[in-house]
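In the working numbering, the protein residues as written are 333 to 500. Down below is the structure, laid out as structure tokens.
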């Protein structure tokens, strides 16, 4: 039992360190400049392990161009989504029959915003993918597989024990 606890603590510490390194790498501006796209840079664009890949100067320039391109105003969209949620809350807090059609309309507007964000993120990730070599993409995939394996091990170690049979 003690070995299991030590292993769990070690894995958690290792994952925290890996996450911290990835986070620091994503927040660090390349070549002393500011990372376009805001905090996190391209890490949230569908390629979270890109910071672990060595890019050529030409790839850096292409990446910077991709990230500087026009992007949707996510802050305005978040405010719009907040207002939509607020409208739903107001409808639910109003005495009388709930206007389900209005709530469904508001839900659809929220879903549309989410779809637009996802589409924009994926288009950026595709453009980034297209500037990487096969070796770089393999390196990203291998890193993702290692992290996935560590997450699976951590879940297995921290899972609650199976219920005991009550037939004793």
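Idealized CB from N, CA, C, for every residue including glycine.
State buried or exposed for residue i, treating a residue as buried only when at least 16 other CB atoms are found within 10 Å of its CB.
i	result
residue 465	exposed
residue 374	Any reading at residue 374 needs caution, since the residue's pLDDT is 47, under 50, leaving its predicted position unreliable; the model's value is listed next. By the neighbour-count rule (16 or more Cβ atoms within 10 Å), residue 374 is buried.
residue 488	exposed
residue 383	buried
residue 366	Confidence at residue 366 is low in this model, with a pLDDT of 35, below 50, so its placement is unreliable and the value that follows should be read with caution. The residue is exposed, with fewer than 16 neighbouring Cβ atoms inside 10 Å.
Would you say residue i and residue j are within 8 Å of each other, going by their C-beta atoms?
i	j	result
residue 458	residue 395	no
residue 381	residue 460	no
residue 449	residue 401	no
residue 475	residue 398	no
residue 416	residue 441	yes
residue 485	residue 385	no
Can you tell me where the alpha helix (DSSP H) holding residue i begins and where it ends?
i	result
residue 392	389-400
residue 490	466-490
residue 535	Residue 535 lies beyond the residue range present for the chain, which begins at 333 and ends at 500; the question has no answer from this structure.
residue 429	Counting along the chain, residue 429 falls outside any alpha helix (DSSP H), and DSSP gives it neither H nor E.
So residue i and residue j are in contact, right, with Cβ under 8 Å, and what is the actual spacing, rounded?
i	j	result
residue 420	residue 438	5 Å
residue 404	residue 443	Going by Cβ atoms, the distance from residue 404 to residue 443 rounds to 16 Å, so no, they are not a contact pair.
Using a threshold of 7 Å, is the CB atom of residue i nearer than that to any non-hydrogen atom of the ligand ZN?
i	result
residue 441	For the structure depicted, the ligand ZN is absent and the ligand set is empty, with no information on it obtainable.
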